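What follows is a set of notes on a single structure, which appears directly below.
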Amino acid sequence: MNKRTVFKSWWLPIAFALPQLLLIFFFFYWPATSVLTWAFSLEPAFGGVGERLFVGWDNFREVFADTEYWRSVSLSLFFAFSATALSMFIAFVLAICVDRQLKGSGLFRFFYIWPYAIAAPAVGLAFRFIFAPESGLIAVVNTWSPDLWNPAKFGSHAMILVIVCFAWKWIGYNFIFMTAGLQSIPRSLIEASAMDGSGPVRRALDLQIPLLAPTLFFLLVLNLTESFVGPDTYGIVDLTTEGGPNKSTDVMVYRIVSEAFRGLNYSGAAAQSLVLIALIMLFTFIQFRYVERRVHYK
Amino acid sequence: MIERTPILNAVTYFIMFLGLLLILGPFWMIFAASTQSLAQVNTVPFNFVPGADFLHNLQAAWQRANLGPALFNSLVTSLLVMSGKVIVAALSAFAIVYFRSPLRHVFFWMVFLTLMLPLEVRVIPTYNIAADVFAPVRWLIQTLTGIELSLQWNLLNSYSGLVLPLIATATGTFLYRQFYMTLPDELAEAAKMDGARPLRFFIDILLPLSRTNMLALATIMFVYAWNQYLWPKLMTTEADYQTAMVAMRTLVPNINSLPEWNISMAGALIIMLPPLIVVAVLQRWFVRGLVSTEK
Amino acid sequence: MAEINIRNVRKSYGRTQILHGVDLDFKSGEFVVILGPSGCGKSTLLRMIAGLEEISAGEISIDGTVVNDLEPRDRGCSMVFQNYALYPHMNVAANIGYALKVAGVPRAERDRRITETARIVGLEEMLDRKPAQLSGGQRQRVAMGRAIIREPKVFLFDEPLSNLDAKLRVQMRVEIRRLHKRLSATSVFVTHDQVEAMTLADKLIVMNKGHVEQVGTPLEIYHRPRTRFVGTFIGSPAMNFFDSTIAPGGNFVLLDGIQMAIDPALGRDNAGSTVSVGIRPEHCRLVKAGTANSVPATVDFVEELGSGRNVHVDIDGTIFAVGGDEAPFFETGATVGLQLPSEHIHLFSRDTGLRLDDAPALKHNTNQSTVAA
Numbered sequence: 001m002n003k004r005t006v007f008k009s010w011w012l013p014i015a016f017a018l019p020q021l022l023l024i025f026f027f028f029y030w031p032a033t034s035v036l037t038w039a040f041s042l043e044p045a046f047g048g049v050g051e052r053l054f055v056g057w058d059n060f061r062e063v064f065a066d067t068e069y070w071r072s073v074s075l076s077l078f079f080a081f082s083a084t085a086l087s088m089f090i091a092f093v094l095a096i097c098v099d100r101q102l103k104g105s106g107l108f109r110f111f112y113i114w115p116y117a118i119a120a121p122a123v124g125l126a127f128r129f130i131f132a133p134e135s136g137l138i139a140v141v142n143t144w145s146p147d148l149w150n151p152a153k154f155g156s157h158a159m160i161l162v163i164v165c166f167a168w169k170w171i172g173y174n175f176i177f178m179t180a181g182l183q184s185i186p187r188s189l190i191e192a193s194a195m196d197g198s199g200p201v202r203r204a205l206d207l208q209i210p211l212l213a214p215t216l217f218f219l220l221v222l223n224l225t226e227s228f229v230g231p232d233t234y235g236i237v238d239l240t241t242e243g244g245p246n247k248s249t250d251v252m253v254y255r256i257v258s259e260a261f262r263g264l265n266y267s268g269a270a271a272q273s274l275v276l277i278a279l280i281m282l283f284t285f286i287q288f289r290y291v292e293r294r295v296h297y298k
Numbered sequence: 001m002i003e004r005t006p007i008l009n010a011v012t013y014f015i016m017f018l019g020l021l022l023i024l025g026p027f028w029m030i031f032a033a034s035t036q037s038l039a040q041v042n043t044v045p046f047n048f049v050p051g052a053d054f055l056h057n058l059q060a061a062w063q064r065a066n067l068g069p070a071l072f073n074s075l076v077t078s079l080l081v082m083s084g085k086v087i088v089a090a091l092s093a094f095a096i097v098y099f100r101s102p103l104r105h106v107f108f109w110m111v112f113l114t115l116m117l118p119l120e121v122r123v124i125p126t127y128n129i130a131a132d133v134f135a136p137v138r139w140l141i142q143t144l145t146g147i148e149l150s151l152q153w154n155l156l157n158s159y160s161g162l163v164l165p166l167i168a169t170a171t172g173t174f175l176y177r178q179f180y181m182t183l184p185d186e187l188a189e190a191a192k193m194d195g196a197r198p199l200r201f202f203i204d205i206l207l208p209l210s211r212t213n214m215l216a217l218a219t220i221m222f223v224y225a226w227n228q229y230l231w232p233k234l235m236t237t238e239a240d241y242q243t244a245m246v247a248m249r250t251l252v253p254n255i256n257s258l259p260e261w262n263i264s265m266a267g268a269l270i271i272m273l274p275p276l277i278v279v280a281v282l283q284r285w286f287v288r289g290l291v292s293t294e295k
Numbered sequence: 001m002a003e004i005n006i007r008n009v010r011k012s013y014g015r016t017q018i019l020h021g022v023d024l025d026f027k028s029g030e031f032v033v034i035l036g037p038s039g040c041g042k043s044t045l046l047r048m049i050a051g052l053e054e055i056s057a058g059e060i061s062i063d064g065t066v067v068n069d070l071e072p073r074d075r076g077c078s079m080v081f082q083n084y085a086l087y088p089h090m091n092v093a094a095n096i097g098y099a100l101k102v103a104g105v106p107r108a109e110r111d112r113r114i115t116e117t118a119r120i121v122g123l124e125e126m127l128d129r130k131p132a133q134l135s136g137g138q139r140q141r142v143a144m145g146r147a148i149i150r151e152p153k154v155f156l157f158d159e160p161l162s163n164l165d166a167k168l169r170v171q172m173r174v175e176i177r178r179l180h181k182r183l184s185a186t187s188v189f190v191t192h193d194q195v196e197a198m199t200l201a202d203k204l205i206v207m208n209k210g211h212v213e214q215v216g217t218p219l220e221i222y223h224r225p226r227t228r229f230v231g232t233f234i235g236s237p238a239m240n241f242f243d244s245t246i247a248p249g250g251n252f253v254l255l256d257g258i259q260m261a262i263d264p265a266l267g268r269d270n271a272g273s274t275v276s277v278g279i280r281p282e283h284c285r286l287v288k289a290g291t292a293n294s295v296p297a298t299v300d301f302v303e304e305l306g307s308g309r310n311v312h313v314d315i316d317g318t319i320f321a322v323g324g325d326e327a328p329f330f331e332t333g334a335t336v337g338l339q340l341p342s343e344h345i346h347l348f349s350r351d352t353g354l355r356l357d358d359a360p361a362l363k364h365n366t367n368q369s370t371v372a373a
């Protein structure tokens, strides 16, 4: 899509774009180039000076040979799909209900958006309390039988905790987009369908869900990307489980950052980063292909 | 539309109330816990009735997490990111939409590609460049001319360091681009016929027209900046520049004694309040901005 | 006041050509209307004069100066857009005065001229309002005021009336014409509405598919369409056509086997060739079945217009519209006779669509303007 009329000047656009260009050069592209070089090279031994040693795919081989890495990959996948499914399902049900525009649904809508305002670490801290084994909401189950619930002890419980955190936070976001999607369905279509004799449930199934499909697909890809590599995942894990217990919530993002933090293995972390970037590109590509198609629904 | 579906309506309300419980429940628990004494908060099952220790807990949290300076830093950072982002985005989107320079597509794609380079995958190199911003410049000059410069600029533990990398993100640019695209072509044509040059058109027509857009972007960016965690945690090694979100870490209770969740939750409540207020009060703008960035 | 000369102007986007070499001359103070269906290139041509569109080839000059490379602000044109393109955040006064503000006209002078312009377009009471608070007609006036205030050499109108309702359109048409009389700047008005074109134009230009089909006064174009396209495009209902062969003598054509007399001066040179015969509905005559020189026809349906009616008749599968106030009423299904008066018959080449007697036409109308190839 282009504007029919544009202004003529060679230097003005450059001047206007310059602030952003400089910022992305320094804080995105220069670091990204470093990641690229690090992933394919090694620091000279014993902290020696001189050029980095080009080692080809060695760093990747090392990463891929590590069973811990693959464990982290599968944990990430499990986390991403569960959190996405849970969050989108709840948001969808709520959006459909609110879209019926019964009396007072505006008030519900007002509150449903709130979780999006809460930072991931805050959600993490709050849910760490709510789901704590010794106090909070769920602790009561441990009075029935000790250790029925203990995310600090059991990996599966810890995983459930981080999934719930992420899903809860993203209900707000998903809800916003789903209601917007439902609202963009022309009122006349709903009315036409009602004239054809369909009730609210029928309409939801035959009209709203198919027409919302593009939005749902968009959200699906976005949720997967965000839960897989997004900052929220890092924030939540860092404030709840710190990857534990026993690395059972050591998802890819958390692993990369903590490895880089410890400063042990830059090259390994860089190789893992590149894999993640490739995954994001894949997600974005799918998204983009799809966004192009989405135009037809509008 | 006249439609009588009493049973379905009841079911709908029931689900919506469940949803409300799910959404507001945690908020209530945070609040209730933050009002209780240490003994109360560790009662099982949890007592949902607020206690009397609210002020005391707030005070304790305030001291423990050093919230005074932390909140101030968060506020400064968020306001700077917000305004910086609005300005940078308005400018660069103008360059993309209203000129047909051959570099336009390159620029657009460069901005777009940043979406695929989240901070988590470039933590260390970004940290490195923040520690020494002019490294690439020195390197470039040295490779080109052989001259070694001693140009240095360290962003660690500074507001510039907290703010600049966050301004670089692409969302705002896309929001503005989207907005400019929706303006009719005739607007620019009329301005041209009226003799306005590009800068004049930008200042007289585009900026005033994008006021609502600005507000939408500002709300999003404020929430975004306030809720940043990894970057400030990484680059503020000195307590002076710590933001509230990073201070959250100090509120995680010590598990070796009776956990002081009441103080944790009081702190969490304070820290999460500003963005919550923005989203609640400016919800209309916030939602509009959010929905239109993703188109 | 300015003369506009357009020399062999072409426009192409990539490989698609929008304008195929247009030559036109507009005299100073003339009201020129460019008429054509959508996509014919009329708006593109206007926008090229304005400087909003690059000129791919050829030359446009205003007052003898080639303006190809001049920016819009340096051409002395002002323009009224189809959707008015008012600045939504400025009030009426600011909208009208914006060009002066840009040009750096001092405040007092600007205010004086805004007031004066507002008086001309009848908006004195509205100066503080925002465009959103105005009706369609008032917005149209603001757009006009914005164009007038600069005292331009040339006014350009890009379908300015098409967003108005029918009643307002008639009213604004009259006002535009009145305004032109008063300001007498050269005006170029683009439209797809033939009534607007006929009523406004000093000089009417009909365009189709990037070519100029005909240039002339509205009456010339109505009475002597130079091409079959012009014949169809002007007039409502559209001109009736049927294919026929000119009799060897050159004095009649056949319609459904019945001889229809034509002007022998026309037919003589083309005797024996197959042509496209055109006649306007308002020139056809319906008579009782069996009347001499009439073709038997069945009444297909009748459209009542109040002031008259259109009768559609069927001759062996070809539908003829017969119009005008006097068209007598006939029941649907009735058999009637159709007469085609020879003086109103137009003959066009079936291959090129060109009018057969075009060359003699030029002899009669020495004042006719340049006709593009």
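Chains as they are written, first to last, in the UniProt record's numbering: chain Y, 1 to 298; chain W, 1 to 295; chain R, 1 to 373. Cβ atoms here follow ideal geometry from the backbone N, Cα and C, with glycine treated the same way. Model, not experiment: these values are computed from the prediction.
Would you call the region 102 to 120 of chain Y in contact with the region 170 to 190 of chain Y, where contact means no fewer than 3 C-beta pairs closer than 8 Å? Between the region 102 to 120 of chain Y and the region 170 to 190 of chain Y there are three or more C-beta pairs closer than 8 Å, enough to call the two in contact.
Can you find a CB in chain W that lies within less than 8 Å of the CB of residue 72/R? Residue mapping note: residue 72/R aligns to position 72 of the third sequence, counting from 1. Cβ-Cβ to chain W under 8 Å: yes for residue 72/R.
Please report the straight-line C-alpha distance between residue 164/R and residue 256/R, rounded to a whole angstrom. For the purposes of this step, residue 164/R is taken as residue 164 along the third sequence, with counting starting at 1. For the purposes of this step, residue 256/R is taken as residue 256 along the third sequence, with counting starting at 1. Spanning the two alpha carbons is a distance of roughly 44 Å.
Proximal chain R residues relative to residue 253/W, where beta-carbon distance stays under 7 Å: Within the second sequence, the letter at position 253 stands for residue 253/W. Simply none; closest approach about 53 Å.
Bounding residues of the alpha helix (DSSP H) (the contiguous stretch that carries residue 230/W): Taking the second sequence and counting its residues from 1, the one referred to as residue 230/W is at position 230. The continuous alpha helix (DSSP H) containing residue 230/W extends over residues 230 to 235.
Could one say the Cβ of residue 26/W lies closer than 8 Å to chain R's Cβ atoms, at least one of them? Numbered from its first residue, the second sequence carries residue 26/W at position 26. No, because no Cβ of chain R sits closer than 8 Å to the Cβ of residue 26/W.
Within the region 116 to 182 of chain R, note down every full beta strand (DSSP E) run reaching 3 residues or more, in order along the chain. If we require 3 residues or more, the beta strand (DSSP E) runs fully inside the region 116 to 182 of chain R come out as 154 to 158.
Residues in the same chain with beta-carbon distance under 6 Å from residue 286/W, minus the five sequence neighbours each way, listed in chain order, please. Taking the first residue of the second sequence as 1, we reach residue 286/W at position 286. For residue 286/W, where only same-chain residues beyond five positions count, the Cβ hits under 6 Å are 219, 279.
Can you give the beta carbon distance from residue 39/Y to residue 271/Y, rounded, assuming they're within the 8 Å contact cut? One-based indexing of the first sequence puts residue 39/Y at position 39. One-based indexing of the first sequence puts residue 271/Y at position 271. Sure, about 4 Å apart at Cβ, within 8 Å.
Terminal residues of the continuous beta strand (DSSP E) containing residue 318/R? As a first step, residue 318/R must be located in the third sequence, where it is residue number 318. Residue range 318 to 322 is occupied by the beta strand (DSSP E) that includes residue 318/R.
Per DSSP, residue 77/R forms a beta bridge with which residues? Locating residue 77/R in the third sequence gives position 77, where the first residue counts as 1. 154/R.
Does the beta carbon of residue 199/Y sit closer than 8 Å to a beta carbon anywhere in chain W? As a first step, residue 199/Y must be located in the first sequence, where it is residue number 199. By this cut-off, residue 199/Y is an interface position.
Determine the chain W residues that contact residue 79/R at a beta-carbon separation under 8 Å, and present them in chain order. Taking the first residue of the third sequence as 1, we reach residue 79/R at position 79. Neighbours of residue 79/R on chain W, chain order: 189, 190, 193.
Hey, how far is the Cα of residue 126/W from the Cα of residue 148/W? Within the second sequence, the letter at position 126 stands for residue 126/W. Within the second sequence, the letter at position 148 stands for residue 148/W. If I take the Cα positions, the gap works out to 23 Å.
Using a Cβ-Cβ cutoff of less than 7 Å, which residues in the same chain neighbour residue 440/R once the five nearest sequence positions on both sides are dropped? With chain R covering only 1 through 373, there is no way to say anything about residue 440/R.
Going by DSSP, name the residue or residues bridged to residue 278/R. Here residue 278/R corresponds to residue number 278 of the third sequence, with the count starting at 1. Looking at the DSSP assignment, residue 278/R forms a beta bridge with 241/R, 346/R.
Tell me, please, which residues DSSP counts as bridged to residue 211/R. For this step, residue 211/R is matched to residue 211 along the third sequence. Residue pairing by DSSP puts residue 211/R in a beta bridge opposite 208/R.
Between residue 297/Y and residue 101/W, what straight-line distance do the alpha-carbon atoms span, to the nearest angstrom? Within the first sequence, numbered from 1, the residue matching residue 297/Y stands at position 297. Within the second sequence, numbered from 1, the residue matching residue 101/W stands at position 101. Here the model assigns residue 297/Y a pLDDT of 39, short of 50, so the residue's position is not dependable, and the following value carries that caveat. Near 31 Å, if we compare the C-alpha coordinates of residue 101/W and residue 297/Y.
Determine the chain C residues that contact residue 134/Y at a beta-carbon separation under 8 Å, and present them in chain order. Note that chain C does not occur in the displayed structure, where the protein chains are Y, W and R.
List the endpoints of the continuous alpha helix (DSSP H) containing residue 11/R. Residue mapping note: residue 11/R aligns to position 11 of the third sequence, counting from 1. Looking at the DSSP string, residue 11/R is not in any alpha helix (DSSP H); the run it does join, the beta strand (DSSP E), is 4 to 13.
Could you tell me which of 193/W, 117/W, 270/W sits nearest to residue 166/W, measuring between CA atoms? For the purposes of this step, residue 166/W is taken as the residue at position 166 of the second sequence. Residue 117/W holds the alpha-carbon nearest to the alpha-carbon of residue 166/W among 193/W, 117/W, 270/W.
Work out the CA separation of residue 304/R and residue 259/R for me, nearest whole Å. Along the third sequence, one-based indexing puts residue 259/R at 259. Along the third sequence, one-based indexing puts residue 304/R at 304. Near 30 Å, if we compare the C-alpha coordinates of residue 304/R and residue 259/R.
Could you give the DSSP three-state label for residue 337/R: helix, strand or coil? For the purposes of this step, residue 337/R is taken as residue 337 along the third sequence, with counting starting at 1. Looking at residue 337/R - three-state DSSP - the assignment turns out to be strand.
Show which residues of chain W have a CB atom less than 9 Å away from the CB atom of residue 299/R. Residue mapping note: residue 299/R aligns to position 299 of the third sequence, counting from 1. Counting only Cβ-Cβ distances below 9 Å, residue 299/R has no contacts in chain W at all, with the closest Cβ about 46 Å away.
What does the Cβ neighbour count give for residue 6/W, buried or exposed, with the cut at 16 atoms within 10 Å? Sequence index remark: in the second sequence, residue 6/W carries index 6 (1-based). Exposed, because fewer than 16 other Cβ atoms sit within 10 Å of the Cβ of residue 6/W.
When burial is assigned at 16 or more other CB atoms within 10 Å of the CB, is residue 216/R buried or exposed? As a first step, residue 216/R is located in the third sequence; it is residue number 216 there, counting from the start. Counting Cβ neighbours within 10 Å, residue 216/R comes out buried, since at least 16 surround it.
With 16 other Cβ atoms within 10 Å as the buried cut-off, status of residue 256/Y: As a first step, residue 256/Y must be located in the first sequence, where it is residue number 256. It is buried - the Cβ of residue 256/Y has at least 16 other Cβ atoms within 10 Å.
Please list the terminal residues of the continuous beta strand (DSSP E) segment that includes residue 288/R. By one-based count along the third sequence, residue 288/R stands at place 288. Run containing residue 288/R: 285 to 288, per the beta strand (DSSP E) assignment.
Measure from the C-beta of residue 200/W to each C-beta in chain R and report whether the shortest distance is under 8 Å. Here residue 200/W refers to the residue found at position 200 when the second sequence is read from its first residue. With 8 Å as the cut-off, residue 200/W counts as an interface residue toward chain R.
Tell me whether residue 16/Y sits in a helix, a strand or coil according to DSSP, three-state version. Indexing the first sequence from 1 puts residue 16/Y at position 16. In the structure shown, residue 16/Y sits in a helix (DSSP, three-state: H, G or I).
Have a look at residue 288/W and residue 216/W and give me their C-alpha separation to the nearest angstrom. As a position in the second sequence, residue 288/W is number 288, starting the count at 1. As a position in the second sequence, residue 216/W is number 216, starting the count at 1. Put simply, the backbone Cα of residue 288/W is about 6 Å away from that of residue 216/W.
Buried versus exposed call for residue 151/W [16 or more other C-beta atoms within 10 Å across all chains shown]: Along the second sequence, one-based indexing puts residue 151/W at 151. By the beta-carbon neighbour count (other beta carbons within 10 angstroms, threshold 16), residue 151/W is exposed.
At the level of alpha carbons, what is the spacing between residue 30/W and residue 255/W? Position 30 of the second sequence, counting from 1, holds the residue named residue 30/W. Position 255 of the second sequence, counting from 1, holds the residue named residue 255/W. Taking the straight line from one Cα to the other gives about 19 Å.
Just checking: is the beta-carbon of residue 2/R within a distance shorter than 8 Å of some beta-carbon in chain W? By one-based count along the third sequence, residue 2/R stands at place 2. So, not an interface residue.
Spatial neighbours of residue 130/R within its chain, please: CB distance less than 6 Å, with the 5 preceding and 5 following residues excluded, ordered by chain position. Taking the third sequence and counting its residues from 1, one reaches residue 130/R at position 130. Here residue 130/R has 91 as same chain residues with Cβ atoms under 6 Å from its own Cβ, once five neighbours each way along the sequence are excluded.
Quick one: what's got a C-beta closer than 8 Å to residue 58/Y's C-beta in the same chain, skipping five residues either side? The residue you call residue 58/Y lines up with position 58 of the first sequence. Leaving aside the five residues that flank residue 58/Y on each side, the residues in its chain whose CB is nearer than 8 Å to its CB run, in chain order, 42.
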